[in-house]
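In what follows, a single structure is set out as structure tokens and then discussed.
Chains as they are written, first to last, in the working numbering: chain H, 25 to 393; chain Y, 25 to 393.
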């Protein structure tokens with residue numbers, strides 16, 4: 025088992041990563057928190073697959089906290105909205121959840137974001153645990169306190185910075201995670217590799233026989249990513265100083281791709297992986313990076329993408345239009361580019377010419393069939 | 025003009041109280057904040073009456089911030105909900121409000137709570153000003169960072185602690201405030217008198233000729249209340265240590281009264297005033313206070329209530345049922361009782377017998393006709 029400490033103004037907490045963490049550290053954490061009641065916020069499928077283990081862990085608690093309230097909502101980014109949030113609040117209220125109680129955010133990024141935001145605002149804030157069940161959420165979204173929901177056309181437009189009491193990442197749940205979800209999570213791992221830690225990329229290069237088991241090697245890789253995330257979040261909890269913005273490597277291109285392809289068609293990690301290919305190409309084109317960066321990216325990213333390619337009818341036009349819309353909303357569009365591995369730059373004025381070319385050429389390379 | 029400093033972990037800011045503050049300190053504050061854009065959240069009636077002065081104040085700003093976006097929503101606690109909040113978010117989003125911008129919460133308690141919560145969560149928090157237009161909001165709700173909305177049957181069940189950049193209380197808006205609203209605000213002034221400051225009560229006793237003008241005396245009274253509020257909030261920003269809970273003097277009874285009478289029938293301050301009469305009676309009955317406390321309360325509160333009485337069909341049963349429902353939700357019902365002026369106690373176990381008797385006898389005294 026690996027432990028990573030997170031230190032922020034909004035709270036100090038531990039990220040536990042390993043097999044059978046529900047049976048050990050989760051039970052201990054809940055005993056320490058001593059909630060009057062507990063509420064599980066999750067998806068039906070996750071509750072069906074792993075809920076028994078989670079319930080067994082809290083059943084060890086005294087009194088009413090041992091029988092948690094459940095609020096289950098459908099999967100998909102399209103449900104991370106104010107309507108689901110309202111249903112969650114009403115469920116907490118009618119279940120009698122009060123200020124001293126604890127919410128368990130049990131699922132992937134969508135659950136962590138929505139349940140964390142519900143916890144941050146219900147009764148002006150009650151305690152919660154992040155219990156991520158996807159690699160993506162373990163590596164990235166469960167750590168650092170960014171929680172929220174989407175507005176129509178605007179991802180994460182409503183939210184808070186609100187730190188959990190602990191993050192409980194049990195690798196056993198990854199045994200049943202579909203390979204495509206696992207690959208999607210690895211895209212974020214690659215991101216940490218390029219941003220901060222080439223050892224991560226080297227480790228992954230060794231996986232010639234396909235995806236790894238959810239064992240010691242993956243545990244170490246997740247812990248390394250979480251250490252980087254924790255360091256960045258400690259420096260820039262509220263995303264004001266630029267450090268935290270670096271974590272958006274591949275995301276400006278990736279978000280536009282995700283939205284232009286239609287949500288649900290690409291996994292978030294897949295879009296970020298393709299976005300990193302575009303960002304690397306733009307880094308070379310702009311002269312910031314020497315040639316070779318693209319090739320390094322291909323080597324790291326193509327195995328993670330596996331068979332996933334872009335629909336052949338997806339042209340650069342829609343992607344660029346989506347970026348323009350984003351630019352209008354946020355008054356400017358910021359790109360993270362690389363001078364080389366471990367040398368990210370936040371670029372506020374990338375020429376449209378380079379953006380267009382990077383998108384077009386990468387699309388060409390990633391087209392189906 | 026009076027200035028009160030507020031010091032909290034969530035922010036340091038100034039409360040400005042006086043006539044013509046929009047023309048002076050508001051303009052200066054906005055120049056200091058340098059927003060890219062501004063958004064006014066308010067009610068149509070307030071915008072109609074005072075919007076011109078507010079717009080003139082921000083018109084002095086450079087660029088697009090000089091022409092604020094407006095989101096106006098209907099008056100009444102019943103609109104302080106997630107549906108109005110969603111409309112506010114969408115208005116901010118389609119108006120292109122971004123993270124560096126400023127929301128102006130321009131109205132009474134409902135506007136301050138809803139607009140403040142919108143600001144605290146839009147884009148994970150943007151800056152806002154409290155610009156209260158009722159005495160109630162100037163004295164109490166605009167200071168201290170409690171913002172939020174109601175869920176069906178649960179006041180303020182969703183919210184945050186989020187401090188404004190400044191509070192701008194311009195007394196000129198009180199000139200057109202209906203007398204009943206002014207009286208309702210005075211109930212909170214009386215509350216501060218009993219909790220912390222008998223001089224407040226003495227000042228008010230001098231008002232034999234009716235309500236005061238919105239001049240120097242009222243300015244001083246508001247500033248004194250805000251000083252007390254600021255001190256309490258600095259000690260206990262997150263309402264965890266008991267100090268802030270004392271500010272609920274009269275509120276446990278008052279909330280039940282408000283809800284049992286039907287929202288809108290009693291002003292919040294009227295319900296709190298009546299609630300303080302009940303709390304004083306309960307303080308005497310429980311032996312915590314000597315006799316005389318009730319009489320002091322009658323002397324201070326009855327002039328503030330004026331002609332307002334309770335509907336004669338309102339029996340103690342509904343009020344007690346409402347308190348029971350509250351008790352169930354929050355696992356326990358806390359009362360603030362007084363040993364005497366300036367000696368509040370937080371009481372977690374007041375006998376049902378005393379509660380019932382205090383409610384019944386006060387109802388009898390406050391009945392119509």
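By construction, the Cβ of each residue, glycine as well, lies at the ideal position given by its N, Cα and C atoms.
Task: Cβ neighbours of residue 174/Y in the same chain (closer than 8 Å, five flanking residues each side left out) - done: Here the question's residue 174/Y lines up with position 150 in the second chain. Around residue 174/Y: 101, 104, 105, 180, 181 and 182.
Open item on the list: Could you check whether the Cβ of residue 352/Y sits closer than 8 Å to any Cβ belonging to chain H?
Closed with: Position 328 of the second chain, counted from the first residue, corresponds to residue 352/Y. Cβ-Cβ to chain H under 8 Å: yes for residue 352/Y.
Open item on the list: Quick check: is the beta carbon of residue 36/H nearer than 8 Å to any beta carbon in chain Y?
Closed with: Translated into positions along the first chain, residue 36/H becomes position 12. Not an interface residue.
Task: Beta-carbon proximity of residue 190/Y to residue 38/Y, cut-off 8 Å - done: Locating residue 190/Y in the second chain gives position 166, counting from the first residue. Locating residue 38/Y in the second chain gives position 14, counting from the first residue. In contact: residue 190/Y and residue 38/Y (Cβ atoms closer than 8 Å).
Open item on the list: Measuring only the C-alpha atoms, how far is residue 417/Y from residue 132/Y?
Closed with: Residue 417/Y is absent from the model: chain Y starts at 25 and stops at 393.
- [ ] Would you mind listing the alpha helix (DSSP H) stretches within the segment 78 to 122 of chain Y that are 4+ residues and don't spill past its ends, in chain order?
- [x] 106 to 118
Open item on the list: Please list the terminal residues of the continuous alpha helix (DSSP H) segment that includes residue 360/H.
Closed with: By one-based count along the first chain, residue 360/H stands at place 336. From DSSP, residue 360/H is part of no alpha helix (DSSP H) but of the beta strand (DSSP E) over 359 to 362.
Task: From 27/H, 113/H and 217/H, residue whose alpha carbon lies closest to that of residue 365/H - done: Your numbering for residue 365/H matches position 341 in the first chain. For residue 365/H, the nearest C-alpha among the options comes from 217/H.
Open item on the list: So residue 287/H contacts chain Y; which residues on that side make the cut at Cβ distance below 8 Å?
Closed with: For the purposes of this step, residue 287/H is taken as the residue at position 263 of the first chain. Those do not exist, as residue 287/H stays about 18 Å from chain Y at its closest Cβ, beyond 8 Å.
Open item on the list: For residue 397/H and residue 127/H, I'd like the C-alpha separation in whole angstroms.
Closed with: The shown model of chain H, from 25 to 393, leaves out residue 397/H, and the question about it has no answer.
Task: Other residues of its chain near residue 41/Y: CB distance less than 6 Å, five sequence neighbours each side excluded - done: Residue numbering aside, residue 41/Y sits at position 17 when the second chain is read from its first letter. Hits under 6 Å: 26, 193, 243, 246 and 247.
Task: contact_flag[the segment 287 to 301 of chain H, the segment 228 to 241 of chain H] where n(CB pairs < 8 Å) is 3 or more - done: no
Open item on the list: So, for residue 116/H: in the same chain, excluding its five sequence neighbours on each side, which residues have a beta-carbon less than 8 Å away from its beta-carbon?
Closed with: Along the first chain, one-based indexing puts residue 116/H at 92. Cβ within range, chain order: 63, 93, 95, 127, 142 and 146.
Open item on the list: Can you tell me whether residue 348/Y is helix, strand or coil according to DSSP?
Closed with: Locating residue 348/Y in the second chain gives position 324, where the first residue counts as 1. If DSSP states are grouped into helix, strand and coil, residue 348/Y belongs with the helices.
- [ ] Label residue 306/H either buried or exposed according to how many other C-beta atoms from any shown protein chain fall within 10 Å of its C-beta, with 16 as the threshold for buried.
- [x] Along the first chain, read from residue 1 onward, the residue named residue 306/H stands at position 282. Per the 10 Å Cβ criterion, buried.
Open item on the list: I'd like to know if the segment 380 to 393 of chain H and the segment 157 to 175 of chain Y are in contact, where contact means that at least 3 CB-CB pairs between them fall below 8 Å.
Closed with: no
Open item on the list: Please classify residue 184/Y as buried or exposed, where buried requires at least 16 other C-beta atoms within 10 Å of its C-beta.
Closed with: Counted from its first residue, the second chain places residue 184/Y at position 160. Flag for residue 184/Y reads buried.
TODO: Indicate the three-state DSSP secondary structure (helix, strand or coil) for residue 297/H in the structure shown.
DONE: Within the first chain, residue 297/H is the residue found at index 273, counting from 1. Three-state result, residue 297/H: helix.
Open item on the list: Please return the same chain residues whose Cβ sits closer than 6 Å to the Cβ of residue 89/Y, not counting the five positions on each side in sequence.
Closed with: Numbered from its first residue, the second chain carries residue 89/Y at position 65. Excluding positions up to five away in sequence, the list reads 59, 61 and 62.
Open item on the list: So, at 6 Å on beta carbons, what are the nonlocal neighbours of residue 97/H in its own chain, with the 5 sequence-adjacent residues on each side left out?
Closed with: As a position in the first chain, residue 97/H is number 73, starting the count at 1. Excluding positions up to five away in sequence, the list reads 103 and 108.
Open item on the list: Closer than 7 Å between beta carbons: that is the criterion. Which residues of the segment 86 to 120 of chain H meet it against chain Y?
Closed with: 106, 110, 113, 114, 117 and 120
- [ ] Would you mind telling me which residues of chain H sit closer than 7 Å to residue 147/Y, beta carbon to beta carbon, in chain order?
- [x] In the second chain, the residue the question calls residue 147/Y occupies position 123. The answer, in chain order, is 181.
Task: Minimum C-alpha distance to residue 338/Y - residue among 314/Y, 386/Y and 273/Y - done: Mapped onto the second chain, residue 338/Y falls at position 314. When each option's Cα is compared against that of residue 338/Y, the closest is 386/Y.
Open item on the list: So that I know if they touch, is there some Cβ in chain Y lying closer than 8 Å to that of residue 266/H?
Closed with: Residue mapping note: residue 266/H aligns to position 242 of the first chain, counting from 1. Closer than 8 Å: no.
TODO: Provide the residue(s) that pair with residue 435/H in DSSP beta bridges, ordered along the chain.
DONE: Given a span of 25 to 393 for chain H in the structure shown, any question on residue 435/H remains unanswerable.
Task: For residue 260/Y, three-class secondary structure by DSSP - done: The residue labelled residue 260/Y in the question sits at position 236 within the second chain. Coil at residue 260/Y, not helix or strand.
Open item on the list: Let's see if you can read the secondary structure: which residues bound the beta strand (DSSP E) around residue 62/Y?
Closed with: To locate residue 62/Y, count along the second chain from 1; it is residue 38. Here the beta strand (DSSP E) through residue 62/Y covers 62 to 66.
Open item on the list: Tell me the residue span of the beta strand (DSSP E) that contains residue 223/H.
Closed with: Position 199 of the first chain, counted from the first residue, corresponds to residue 223/H. Looking at the DSSP string, residue 223/H is not in any beta strand (DSSP E); the run it does join, the alpha helix (DSSP H), is 222 to 229.
TODO: With distances taken Cα to Cα, identify the nearest neighbour of residue 17/H among 282/H, 277/H and 32/H.
DONE: Nothing in the structure corresponds to residue 17/H, since chain H is present only between 25 and 393.
TODO: May I ask you to list, following chain order, the residues of the segment 337 to 366 of chain Y that have a beta carbon less than 8 Å from some beta carbon of chain H?
DONE: 352, 353, 354 and 355
Task: Residues near residue 250/Y in its chain [Cβ-Cβ closer than 6 Å; skip 5 each side] - done: Residue mapping note: residue 250/Y aligns to position 226 of the second chain, counting from 1. Hits under 6 Å: 28, 39 and 167.
Open item on the list: Helix, strand or coil for residue 168/H? Go by DSSP, reduced to three states.
Closed with: What you label residue 168/H is simply residue 144 of the first chain in a count that begins at 1. Residue state, collapsed to three classes: coil.
TODO: At 7 Å on the CB atoms, spell out the chain Y contacts of residue 175/H, in chain order.
DONE: The residue given as residue 175/H occupies position 151 in the first chain. Here the neighbours are 113, 114 and 117.
Task: Range covered by the alpha helix (DSSP H) that runs through residue 378/Y - done: The residue labelled residue 378/Y in the question sits at position 354 within the second chain. Residue 378/Y -> alpha helix (DSSP H) spans 376 to 389.
Open item on the list: Taking contact to mean 3 or more Cβ pairs, one atom from each stretch, closer than 8 Å, check whether the segment 198 to 216 of chain H and the segment 44 to 52 of chain H are in contact.
Closed with: no
Task: Local conformation of residue 11/Y per DSSP, three classes - done: The displayed coordinates of chain Y run from 25 to 393. Any statement about residue 11/Y would go beyond what the structure contains.
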